[in-house]
Amino acid sequence: NAGVTQTPKFQVLKTGQSMTLQCAQDMNHEYMSWYRQDPGMGLRLIHYSVGAGITDQGEVPNGYNVSRSTTEDFPLRLLSAAPSQTSVYFCASSYRGGTIYFGEGSWLTVV
Amino acid sequence: DQQVKQNSPSLSVQEGRISILNCDYTNSMFDYFLWYKKYPAEGPTFLISISSIKDKNEDGRFTVFLNKSAKHLSLHIVPSQPGDSAVYFCAASEGGGADGLTFGKGTHLIIQP
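Residue numbers (my numbering), protein chains in the order written: chain A, 42 to 152; chain B, 2 to 114.
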């Protein structure tokens with residue numbers, strides 16, 4: 042029973058590098074989303090998707106790209122990493138109106 | 002402009018007593034409210050939720066109260082246990098969570114023996 046799986050758990054990037062944070066869920070949930078959490082802050086929504094082929098921006102989308110080609114996967118891309126993107130990233134999924142489940146997080150440091 | 006506010010960064014409660022965590026919101030379009038518990042180095046874990054058509058929801062030791070006129074909700078934990086020590090986040094959404102959640106900054110609950 043995997044739930045929401047995020048990879049990698051830890052990553053160090055140099056400024057300007059690109060990378061993709063992977064998120065997969067095995068619950069057949071329509072809704073998936075990405076959040077970031079910074080020290081002393083709550084989680085802030087980056088991008089979300091209400092189904093395959095449909096994505097939209099959240100509160101803090103700049104510097105991030107997403108796509109949803111399948112129901113199961115929702116990768117988050119950083120095209121040119123900046124130190125301001127040092128954060129903990131959480132992926133989440135749910136049915137409409139259902140419990141929203143989170144992955145265990147991905148710790149990203151940009152130097 | 003913070004739409005969901007948790008004004009107490011931390012709260013210390015004795016084991017066995019009641020813990021009350023508070024949350025205020027400003028967006029009158031929010032219709033679904035949730036509480037999450039988070040341990041360090043882990044993802045948030047869902048605790049309990051409430052729809053705006055209700056004013057109370059219970060699940061075991063956890064009860065959430067919603068006061069729509071005051072735009073205020075609270076989480077009661079009775080009795081408090083050592084394992085309840087964690088950061089608690091209040092979250093809210095419109096339309097059942099389809100377009101994501103808006104979180105408060107969290108309250109660090111410390112249960113003292």
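For each residue, glycine too, the CB sits at the ideal point set by N, CA and C.
Since we're looking at a predicted model, the values are computed, not measured.
1) Since residue 63 of chain A contacts residue 47 of chain A with CB under 8 angstroms, what's their CB separation in whole angstroms?
2) For residue 102 of chain B, would you say it is in contact with chain A, using Cβ-to-Cβ distances shorter than 8 angstroms as the test?
3) Looking at C-beta atoms only, is the number of pairs between the segment 71-85 of chain B and the segment 22-41 of chain B that lie closer than 8 angstroms three or more?
4) Looking at chain A, is there any beta carbon in it that lies within less than 8 angstroms of the beta carbon of residue 47 of chain B?
5) With distances taken from CA atoms, which of B:68, B:86 and B:64 is nearest residue 50 of chain B?
6) Tell me which residue opens and which closes the beta strand (DSSP E) that residue 87 of chain B is part of.
7) According to DSSP, residue 73 of chain A sits in a beta bridge with which residue or residues?
8) What do you get for residue 70 of chain B, buried or exposed, if any count of 16 or more other CB atoms within 10 angstroms of its CB means buried?
9) Thinking C-beta only, is residue 131 of chain A closer than 8 angstroms to residue 218 of chain A?
10) Which residue wins for smallest C-alpha separation from residue 9 of chain B, given the options B:68, B:21, B:45 and B:82?
11) Using the Cβ count rule (16 or more neighbours within 10 Å means buried), how would you classify residue 72 of chain A?
12) If you measure from the CB of residue 76 of chain B, is any heavy atom of the ligand SAH nearer than 7 angstroms?
13) Just reading off the beta strand (DSSP E) that residue 53 of chain A is part of, what are its end residues?
14) Leaving aside the five residues before and after residue 126 of chain A along the sequence, list all residues of the same chain whose C-beta is less than 7 angstroms from its C-beta, in chain order.
15) Please name the residue or residues paired with residue 40 of chain B in a DSSP beta bridge.
16) Please decide whether residue 106 of chain B counts as near chain A, where near means a Cβ-Cβ distance under 8 angstroms.
17) In angstroms, rounded to a whole number, what distance separates the CA positions of residue 57 of chain A and residue 104 of chain B?
18) Taking Cβ-Cβ distances below 8 angstroms as the criterion, which residues of the segment 82-99 of chain A are in contact with chain B?
19) Where do the N-terminal and C-terminal ends of the beta strand (DSSP E) with residue 60 of chain A fall, by residue?
20) Would you mind sorting residue 59 of chain A into buried or exposed? The rule is 16 or more other CB atoms within 10 Å of its CB.
21) Just to confirm, are residue 113 of chain B and residue 13 of chain B a CB contact at a threshold of 8 angstroms?
Looking at the atomic coordinates:
1) 7 angstroms
2) yes
3) Contact holds between the segment 71-85 of chain B and the segment 22-41 of chain B, because three or more Cβ pairs, one in each stretch, are under 8 angstroms apart.
4) So, interface residue.
5) B:64
6) 87-94
7) A:90 and A:134
8) exposed
9) Any answer about residue 218 of chain A is impossible in this case: the structure gives chain A only from 42 up to 152.
10) B:21
11) buried
12) The model on display carries no ligand, and the ligand SAH is accordingly not part of it.
13) 51-54
14) Correct list, in chain order: 104, 119, 149 and 151.
15) For residue 40 of chain B, which the question treats as bridged, DSSP gives no partner whatsoever.
16) Yes, because at least one Cβ of chain A sits closer than 8 angstroms to the Cβ of residue 106 of chain B.
17) Distance between the alpha carbons of residue 57 of chain A and residue 104 of chain B: 30 angstroms.
18) The segment 82-99 of chain A vs chain B, Cβ under 8 angstroms: 82, 83, 84, 85, 86, 89, 91, 97 and 99.
19) 60-66
20) exposed
21) yes
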